[in-house]
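Mapped onto the numbering used here, the consecutive letters of the sequence shown carry residue numbers 1 to 106. Reading through the structure tokens given below for one structure.
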Amino acid sequence: MTPPERKVVAVKGLTPPRPFRWLPYLGARHAIPRALAAPGACGEALCGAEVVVPEKAPPKYPDGLWSECPQCDRQWRRQTGLAQRPWRPDATRRERRKWIHESRTG
């Protein structure tokens, strides 16, 4: 008796989870270890700030869409191999698009 044929299914669009996640906390989104998830848990963001996971869920869009903590963003990108952002946080959309275009075309 031959074993049943296995069907291989390719899943597109999924990426492995990053080791960190963003947590809106005290006016900015801080990068914290993904394992730091239990309500009331204390830990440290990538910038070194002490954070406490709130008892109730953090605010969602648009209220929770605060800008990233610049230090957390730099550390996140360094540790995950992403390119650093060369622009200022207040850079215009045109400046950002120009940088993206130049980084792709060399």
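Beta carbons are placed, not taken as given, at the ideal position from N, Cα and C, and that holds for glycine.
Exercise. Among Glu5, Leu26, Ala28 and Leu36, which residue has its Cα nearest to the Cα of Phe20?
Worked result: Leu36 is the residue among Glu5, Leu26, Ala28 and Leu36 whose C-alpha sits nearest the C-alpha of Phe20.
Exercise. Pro17 to Leu82, Cα distance in whole Å?
Worked result: 14 Å
Problem set entry | Whole-angstrom distance between His101 and Glu68, CA atom to CA atom | 23 Å
Problem set entry | alpha helix (DSSP H) segment containing Trp76, residue limits | Pro70 to Thr80
Exercise. What's the call for Arg93, buried or exposed, on a 16-neighbour Cβ count within 10 Å?
Worked result: exposed
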